[in-house]
Amino acid sequence: MSLATGVFKLAAVTLLLAGGALNADAAYADDGFPFGFEMTLDAAPQPGSKRLPTLQIGDNGAATLELWCKGGRGQFSVAGNTVIFVAGPLENTTCPPARAQADDELLAALSEAATWKRQGDLVSFIGTRPLRFRINTD
Numbered sequence: 001m002s003l004a005t006g007v008f009k010l011a012a013v014t015l016l017l018a019g020g021a022l023n024a025d026a027a028y029a030d031d032g033f034p035f036g037f038e039m040t041l042d043a044a045p046q047p048g049s050k051r052l053p054t055l056q057i058g059d060n061g062a063a064t065l066e067l068w069c070k071g072g073r074g075q076f077s078v079a080g081n082t083v084i085f086v087a088g089p090l091e092n093t094t095c096p097p098a099r100a101q102a103d104d105e106l107l108a109a110l111s112e113a114a115t116w117k118r119q120g121d122l123v124s125f126i127g128t129r130p131l132r133f134r135i136n137t138d
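Read in order, the letters of the sequence shown correspond to residues 1 to 138 in UniProt numbering.
Written as structure tokens, this is what we have:
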């Protein structure tokens, strides 16, 4: 195979993959990943607290997390229905052991999520422990 033929085939494959990615983006346009939105965990409050964990995800995937009692930053990377979340350092706060453990478990579940799906205002992160968040619309 000549160099020119190899380059042509590589260019063709690149165009096909790019076209597939554009079609995938179009399929998610109505129910795309909630960049630029704040979401609240769809769960009951912890005993003795009314606070619910929230995620605010910027347009570039930078996330601000306010968990049961801890807070911090992280980064989401999304390609199609695949998601990768990398947590940054959390602030050290004094909180009851049960809430601290719930924060650690929530962070671990987000970090282990491999895929996501959205149905209207509900966003699910699917991994070893599925999580569901509601997009804040008010």
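The C-beta atom is built at its ideal place from N, Cα and C for all residues, glycine as well. This one's a predicted model, so the numbers in the text were calculated from it and none came from an experiment.
Within the stretch 38 to 105, the runs of beta strand (DSSP E) at least 3 residues long that lie entirely inside it are, in chain order, 54 to 57, 62 to 66, 71 to 79, 82 to 90.
Here the alpha carbon of Val86 sits roughly 26 Å from the alpha carbon of Thr137. Apart from the 5 residues on each side of it in sequence, Pro130 sits with its Cβ closer than 7 Å to the Cβ of Ser124 in its chain, given in chain order. Annotation for Gln56: Glu38, Thr64 place their beta carbon closer than 6 Å to its own, counting only its chain and skipping 5 residues before and after.
The residue from Asp31, Ile135, Gly120, Ala113 with its alpha-carbon nearest to that of Phe76 is Ala113. At the C-beta level, Glu91 and Gly71 come within 8 Å of one another. The beta-carbon separation of Gly36 and Gly61, rounded to 10 Å, does not stay under the 8 Å limit for a contact. When the beta-carbon positions are compared, Asp31 and Gln101 stay at least 8 Å from each other.
By the Cβ-count criterion, Arg51 is exposed, with fewer than 16 other Cβ atoms from all chains shown falling within 10 Å of its own Cβ.
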